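Asker: Structure below; questions to follow.
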Amino acid sequence: MINKKDIKNQMIQAVKTVKQTNPMAGSITNSVTINFVANAQLAVGGSAAMVYLPDEGEFLAKAAGATYINTGTFLPIYEETLLRTAKVIRSLGKPWVLDPVAIGIGSLRNQLLQEFKEYKPNIIRGNASEIIALAGQWGLDGGEKVSNTRGVDSTDSVSAAKDAAVALAKWTGGAVAVSGETDLITDGSIIARSSGGSHFMEKITGAGCSLGGVVAIYATATSPFIAALTATAVYNIAGKRAGDKVDGPASFQIQFLDELYKATADDIANNPFELTEV
Amino acid sequence: MINKKDIKNQMIQAVKTVKQTNPMAGSITNSVTINFVANAQLAVGGSAAMVYLPDEGEFLAKAAGATYINTGTFLPIYEETLLRTAKVIRSLGKPWVLDPVAIGIGSLRNQLLQEFKEYKPNIIRGNASEIIALAGQWGLDGGEKVSNTRGVDSTDSVSAAKDAAVALAKWTGGAVAVSGETDLITDGSIIARSSGGSHFMEKITGAGCSLGGVVAIYATATSPFIAALTATAVYNIAGKRAGDKVDGPASFQIQFLDELYKATADDIANNPFELTEV
Amino acid sequence: MINKKDIKNQMIQAVKTVKQTNPMAGSITNSVTINFVANAQLAVGGSAAMVYLPDEGEFLAKAAGATYINTGTFLPIYEETLLRTAKVIRSLGKPWVLDPVAIGIGSLRNQLLQEFKEYKPNIIRGNASEIIALAGQWGLDGGEKVSNTRGVDSTDSVSAAKDAAVALAKWTGGAVAVSGETDLITDGSIIARSSGGSHFMEKITGAGCSLGGVVAIYATATSPFIAALTATAVYNIAGKRAGDKVDGPASFQIQFLDELYKATADDIANNPFELTEV
Chain R
1 MINKKDIKNQ
11 MIQAVKTVKQ
21 TNPMAGSITN
31 SVTINFVANA
41 QLAVGGSAAM
51 VYLPDEGEFL
61 AKAAGATYIN
71 TGTFLPIYEE
81 TLLRTAKVIR
91 SLGKPWVLDP
101 VAIGIGSLRN
111 QLLQEFKEYK
121 PNIIRGNASE
131 IIALAGQWGL
141 DGGEKVSNTR
151 GVDSTDSVSA
161 AKDAAVALAK
171 WTGGAVAVSG
181 ETDLITDGSI
191 IARSSGGSHF
201 MEKITGAGCS
211 LGGVVAIYAT
221 ATSPFIAALT
231 ATAVYNIAGK
241 RAGDKVDGPA
251 SFQIQFLDEL
261 YKATADDIAN
271 NPFELTEV
Chain U
1 MINKKDIKNQ
11 MIQAVKTVKQ
21 TNPMAGSITN
31 SVTINFVANA
41 QLAVGGSAAM
51 VYLPDEGEFL
61 AKAAGATYIN
71 TGTFLPIYEE
81 TLLRTAKVIR
91 SLGKPWVLDP
101 VAIGIGSLRN
111 QLLQEFKEYK
121 PNIIRGNASE
131 IIALAGQWGL
141 DGGEKVSNTR
151 GVDSTDSVSA
161 AKDAAVALAK
171 WTGGAVAVSG
181 ETDLITDGSI
191 IARSSGGSHF
201 MEKITGAGCS
211 LGGVVAIYAT
221 ATSPFIAALT
231 ATAVYNIAGK
241 RAGDKVDGPA
251 SFQIQFLDEL
261 YKATADDIAN
271 NPFELTEV
Chain A
1 MINKKDIKNQ
11 MIQAVKTVKQ
21 TNPMAGSITN
31 SVTINFVANA
41 QLAVGGSAAM
51 VYLPDEGEFL
61 AKAAGATYIN
71 TGTFLPIYEE
81 TLLRTAKVIR
91 SLGKPWVLDP
101 VAIGIGSLRN
111 QLLQEFKEYK
121 PNIIRGNASE
131 IIALAGQWGL
141 DGGEKVSNTR
151 GVDSTDSVSA
161 AKDAAVALAK
171 WTGGAVAVSG
181 ETDLITDGSI
191 IARSSGGSHF
201 MEKITGAGCS
211 LGGVVAIYAT
221 ATSPFIAALT
231 ATAVYNIAGK
241 RAGDKVDGPA
251 SFQIQFLDEL
261 YKATADDIAN
271 NPFELTEV
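Top to bottom, those sequences are chains R, U and A. Residue 1 is where the first sequence starts when you use this note's numbering, and the numbers rise one by one after that. Residue 1 is where the second sequence starts when you use this note's numbering, and the numbers rise one by one after that. Residue 1 is where the third sequence starts when you use this note's numbering, and the numbers rise one by one after that.
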């Protein structure tokens, strides 16, 4: 039986551990939102480090508590960097977060996303179309081989990605977070639906990317499922609070980062979420 | 005879179409201001996607309604990416915007800017020195082979770039936008002068780059001349409104993005501009 | 004997010269904080230009009044770009600022930081762990070969880096700035300790990087020691003023950039600092 109180206690513990220990997550992430990712990681109490080169990726994989790989923009060197980094992470059994941004665009991105199937990212975060497309590429239930992603946008609803999310979580043995109006987080047997946020999150670039980076921070301190749920919860409470204060997207981003910083462990655990069994 | 009312109606239609259809423009743009470009594109109602690799540029050229190429920072792979992307755009007859940032710096940038002459970008946006230098490099009237650009800054006035802008527009058959205190937009036969903005625009990096990105968003929905004029107008009205509220450049940037988001079709069409024939 | 009044007058002169002449500094810097670096340089009255390619680095080395090299994120092309740029700077006797971010991570970064020993950067800026690690790598007093850096964070106190800073300044004949709660600036014979700032500076990414970029702006107009002290002083006064106004890190960054812009020459020279002889 699912024990909601126990899950909330784990969330509270994760938030407190991060605020007390300032854990570092390493990232290989896109250049569009790289600054937002780092500042969001700092705001929740973590430390950020971003690299491009293969041996630097390996170094961070060893030195950091968790690693975040976001496929938003590719450089030629990524062919070497991403696999070498994933290999080290996997050999050490450390947690890592995959954000399959722009899946479907370009041969290198798709080749590497295919190879990542065997590296089993502990947490996969994406919008609904990305989650469906990744499950499809990996030949899992609920996936579709033809991606409905449009550039970096989703054209599917979160609920349409439920089966794909569950299948991905079962494959990796970790967790999957699908971002949308109501977010879905699953470890393959439990589904959490977290609500809150703001319509402004779609009017700024990087809400999803920075969420992935924050998941990696919490993944240094707790299980994949709790990390994904806690990060989603702090995004929803901070997004809600920020959205209530502003009337434009840039002001929203500023207030949102401030609210990420201010949210307490109790605030985060008490943000509304519902649990069901798969 | 120039019909100002007709032009304003076309501007209103372009703004409304963008707000209703959320069109995507793909970008290959510099890393300094890439986040600002994306957020400005989102603020006016568009969608953003940025890439570096050749096949990804080709993919976006096909998938996006328009493409934005900004030469602010070059990576080695751009030698392949920019030409392959421009070829696809041209073969499909889709609109694209060229922002010849830092023209005069480095052999690869100058080689590619030279090759772009034959790809005839539908809209060229730059400061006065960049427009004069590009016309000079392309051997057109009003150009000067020795660039007066200083890094990314202009040392020429907008009016000094009029002949170069007209010659570039006649060559491409599209439009040219010269940014400065009063902005000049021309399709080679009509000249629009758009005013507004704020002195703070020169105190933040990327006012020009993000304008180029917004031109690409409007170019998905209207003619090159109307796209350039509409984007310039929304920058001038948002810049004016933001500048009136703040006393520092970072606060300006936040308010400016908020005002980009808030500006209505009528606000934009009613921002002051004057029309003359060449 | 140290004449504090004379130093303050030189600071005032440097600030005024920058505000009046809008000098350009070229930068090769990391992609995480590149936008913040540029906006900070603009806020104090300078002009920014960022590049990646070798001949572009050489171009800027010649065209700019000073150059800023920050090793935060490496691309493969940097192997060629950084040395060719440093060679041109050195041959022209122009000032340059080295920010050895992430020293200890990756073979290319460490190889180039080693080679930079002979290029004698006029100003070295870093956190305490970076300064100790660089002195260690260069075999100077006060250094430690095994870096205590953790990603991009310091684990040492500023005072622990005093000997390393003095040794580096003596080696280069320039100045060294160690950032921390109380900042230490030395030319190898005088030590200035500058105070102010805000705890929020550690909660945003790029406070150190952008300080390095601002040091380069002042280095176009004054000596290495005065440039480092002036930049540190404007960071401390702007950080103090911004921190007093806000309760979150993103609001802090906006106010901080605004205060950088507003700080007068007198404000900056009057920010508290203490002078001692080595």
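Backbone N, C-alpha and C fix where the C-beta goes; we use that ideal spot for every residue, glycine too. These figures come from a predicted structure and were not determined experimentally.
#1: Taking Cβ positions only, does Val44/A come closer than 8 angstroms to chain U?
#2: Between Ser91/R, Ile131/R, Ser31/R, Asp153/R, which has its C-alpha nearest Gly143/R's C-alpha?
#3: Counting only beta-carbon separations shorter than 8 angstroms, does Phe59/R have a partner in chain A?
#4: May I ask you to report which of helix, strand or coil DSSP gives Ala221/U?
#5: Could you say which of Val215/U, Lys203/U, Ala221/U lies nearest to Gln253/U if we only look at CA atoms?
#6: From Asn3/R to Gly206/A, what does the alpha carbon distance come to, in whole angstroms?
#7: So what does DSSP say about Ile103/U, is it helix, strand or coil?
#8: Applying a beta-carbon distance threshold of less than 8 angstroms, which residues of chain U neighbour Ile204/R?
#9: Whose C-beta lies closer than 7 angstroms to the C-beta of Asp247/R among residues of the same chain, with five residues either side of it excluded?
#10: Would you check if the distance between the CB atom of Thr85/R and the CB atom of Glu115/R is smaller than 8 angstroms?
#11: I'd like to check one pair, Ile268/U with Val215/U: are the Cβ atoms closer than 8 angstroms?
#12: Leu83/R lies in the beta strand (DSSP E); which residues open and close that run?
#13: Is it right to say Lys145/R is buried, meaning 16 or more other beta carbons lie within 10 angstroms of its own, or is it exposed?
#14: So which residues on chain R does Asp153/A lean against when the C-beta distance must stay under 9 angstroms?
#15: Hey, could you find the ends of the alpha helix (DSSP H) Met11/A is sitting in?
#16: So Ile69/U packs on Ile124/U, CB below 8 angstroms; how close in whole Å?
#17: Beta carbon of Asp258/A, beta carbon of Ser251/U: below 8 angstroms?
#18: Taking Cβ to Cβ, would you say Thr71/R is nearer than 8 angstroms to Pro54/R?
#19: Could you tell me which residues DSSP pairs with Gly126/R in its beta bridges?
#20: On the DSSP letters alone, give me the boundaries of the alpha helix (DSSP H) that Glu259/A sits inside.
#21: CA-CA distance, Pro272/A and Gly188/A?
#22: For Pro249/U, which residues in the same chain have their Cβ closer than 7 angstroms to its Cβ, ignoring the five residues on either side in sequence?
#23: With a threshold of 8 angstroms between beta carbons, is Ala63/U in contact with chain R?
#24: In terms of residue numbering, what span does the alpha helix (DSSP H) encompassing Glu56/A cover?
#25: Let's test the definition: count the other Cβ atoms within 10 Å of the Cβ of Leu92/U and tell me whether it reaches 16, buried, or not, exposed.
#26: Return the residue from the list Asp156/R, Ala61/R, Gly65/R that minimises the CA-CA distance to Ala227/R.
#27: Anything in chain U within Cβ reach of Ile254/R, meaning under 9 angstroms, just list it in chain order.
#28: Which one or two residues does DSSP pair with Asp194/U in a beta bridge?
#29: Using a C-beta cutoff of 8 angstroms, does Gly248/A count as contacting chain R?
#30: Closer than 9 angstroms by beta-carbon distance: list the chain A residues that pair up with Asn35/R, in chain order.
#31: Using CA coordinates, which residue listed in Lys5/R, Met11/R, Met1/R is at the minimum distance from Ala263/R?
#32: Would you check if the distance between the CB atom of Ser286/U and the CB atom of Thr67/U is smaller than 8 angstroms?
#33: Run through chain R and tell me which residues come within less than 7 angstroms of Lys7/A, C-beta to C-beta.
#34: Taking just the CA atoms, how far does Val278/U sit from Tyr52/R?
#35: I'd like to know whether the C-beta atoms of Thr220/U and Ala25/U end up nearer to each other than 8 angstroms.
#36: Please go through the same chain and pick out, in chain order, the residues whose beta-carbon is closer than 6 angstroms to the beta-carbon of Ser129/R, but skip the five residues on each side of it.
Answerer: Looking at the atomic coordinates:
#1: Against the third sequence, residue 44/A aligns to sequence position 44. Not an interface residue.
#2: Counted from its first residue, the first sequence places residue 143/R at position 143. For Gly143/R, the closest C-alpha among the options Ser91/R, Ile131/R, Ser31/R, Asp153/R is that of Ile131/R.
#3: Taking the first residue of the first sequence as position 1, residue 59/R is located at position 59. So yes, Phe59/R belongs to the interface.
#4: Working through the second sequence from its first residue, we reach residue 221/U at position 221. Coil, per DSSP.
#5: Locating residue 253/U in the second sequence gives position 253, where the first residue counts as 1. When each option's Cα is compared against that of Gln253/U, the closest is Lys203/U.
#6: As a working note, residue 3/R is residue 3 in the first sequence. As a working note, residue 206/A is residue 206 in the third sequence. Spanning the two alpha carbons is a distance of roughly 42 angstroms.
#7: Locating residue 103/U in the second sequence gives position 103, where the first residue counts as 1. Taken through DSSP and simplified to helix, strand or coil, Ile103/U comes out as coil.
#8: The residue labelled residue 204/R in the question sits at position 204 within the first sequence. Chain-order list of chain U residues neighbouring Ile204/R: Asn39, Leu42, by C-beta distance under 8 angstroms.
#9: The residue labelled residue 247/R in the question sits at position 247 within the first sequence. A distance below 7 angstroms between beta-carbons, with the five flanking residues on each side excluded, links Asp247/R to no residue of its chain.
#10: Stepping through the first sequence from its first residue, residue 85/R is reached at position 85. Stepping through the first sequence from its first residue, residue 115/R is reached at position 115. No, Cβ-Cβ distance for Thr85/R and Glu115/R is not below 8 angstroms.
#11: Here residue 215/U refers to the residue found at position 215 of the second sequence. Here residue 268/U refers to the residue found at position 268 of the second sequence. Their beta carbons are not under 8 angstroms apart, which means Val215/U does not touch Ile268/U by this criterion.
#12: Here residue 83/R refers to the residue found at position 83 of the first sequence. Where Leu83/R is concerned, there is no enclosing beta strand (DSSP E), although the alpha helix (DSSP H) it sits in stretches over 78-92.
#13: Residue 145/R sits at position 145 when you count from the first residue of the first sequence. By the C-beta density criterion, Lys145/R is exposed, having fewer than 16 other C-beta atoms within 10 angstroms.
#14: The residue you call residue 153/A lines up with position 153 of the third sequence. Those within 9 angstroms of Asp153/A in chain R are Asn22, Met24, Ser47, Ala49.
#15: To locate residue 11/A, count along the third sequence from 1; it is residue 11. 4-21 is the span of the alpha helix (DSSP H), which, as asked, contains Met11/A.
#16: Counting from 1 along the second sequence, the entry for residue 69/U is found at position 69. Counting from 1 along the second sequence, the entry for residue 124/U is found at position 124. Actually they are not in contact, since the Cβ atoms of Ile69/U and Ile124/U sit about 10 angstroms apart, beyond 8 angstroms.
#17: Within the third sequence, the letter at position 258 stands for residue 258/A. Within the second sequence, the letter at position 251 stands for residue 251/U. Contact flag set, yes.
#18: The residue given as residue 71/R occupies position 71 in the first sequence. The residue given as residue 54/R occupies position 54 in the first sequence. No, the Cβ-Cβ distance between Thr71/R and Pro54/R is not below 8 angstroms.
#19: Taking the first residue of the first sequence as position 1, residue 126/R is located at position 126. Per DSSP, Val178/R.
#20: Counting from one through the third sequence, the residue named residue 259/A turns up at place 259. Judged by DSSP secondary structure, Glu259/A falls within the alpha helix (DSSP H) whose first and last residues are 249-262.
#21: Here residue 272/A is taken as the residue at index 272 of the third sequence, counted from 1. Here residue 188/A is taken as the residue at index 188 of the third sequence, counted from 1. Looking at the two C-alpha atoms, the distance is approximately 21 angstroms.
#22: For the purposes of this step, residue 249/U is taken as the residue at position 249 of the second sequence. Hits under 7 angstroms: Phe200, Lys203, Ile204.
#23: Counting from one through the second sequence, the residue named residue 63/U turns up at place 63. Closer than 8 angstroms: yes.
#24: Here residue 56/A refers to the residue found at position 56 when the third sequence is read from its first residue. Per DSSP, Glu56/A belongs to the alpha helix (DSSP H) from 54-63.
#25: On the second sequence, residue 92/U is found 92 positions in, with the first residue counted as 1. When all chains shown are included, Leu92/U counts as exposed.
#26: Within the first sequence, the letter at position 227 stands for residue 227/R. The residue with the shortest Cα to Cα distance from Ala227/R is Gly65/R.
#27: Translated into the one-based positions of the first sequence, residue 254/R becomes position 254. Those are Ile254, listed as they occur along chain U.
#28: By 1-based counting over the second sequence, the position of residue 194/U is 194. Correcting the residue identity first, residue 194/U is Ser in this sequence and not Asp. Note: Ser194/U sits in a beta bridge opposite Asp183/U, Phe273/U.
#29: Residue numbering aside, residue 248/A sits at position 248 when the third sequence is read from its first letter. Yes - at least one Cβ of chain R is within 8 angstroms of the one on Gly248/A.
#30: In the first sequence, the residue the question calls residue 35/R occupies position 35. The answer, in chain order, is Ser31, Val32, Thr33, Ile34, Asn35, Phe36, Thr205, Gly206.
#31: Against the first sequence, residue 263/R aligns to sequence position 263. Nearest of Lys5/R, Met11/R, Met1/R to Ala263/R, Cα basis: Met11/R.
#32: With chain U running from 1 to 278 in the structure shown, residue 286/U is simply not present.
#33: On the third sequence, position 7 is the one that residue 7/A refers to. Lys is not the amino acid found at residue 7/A; the sequence shown has Ile there. Within 7 angstroms Cβ-Cβ: nothing; Ile7/A doesn't reach chain R, min ~34 angstroms.
#34: Reading the first sequence from its first residue, position 52 is the one you call residue 52/R. Reading the second sequence from its first residue, position 278 is the one you call residue 278/U. For Tyr52/R and Val278/U, the distance between alpha carbons rounds to 50 angstroms.
#35: Residue 220/U sits at position 220 when you count from the first residue of the second sequence. Residue 25/U sits at position 25 when you count from the first residue of the second sequence. Going by C-beta atoms, Thr220/U is nearer than 8 angstroms to Ala25/U.
#36: If you number the first sequence from 1, residue 129/R lands on position 129. The answer, listed in chain order, is Asn148, Thr149, Ser154, Thr155, Asp156.
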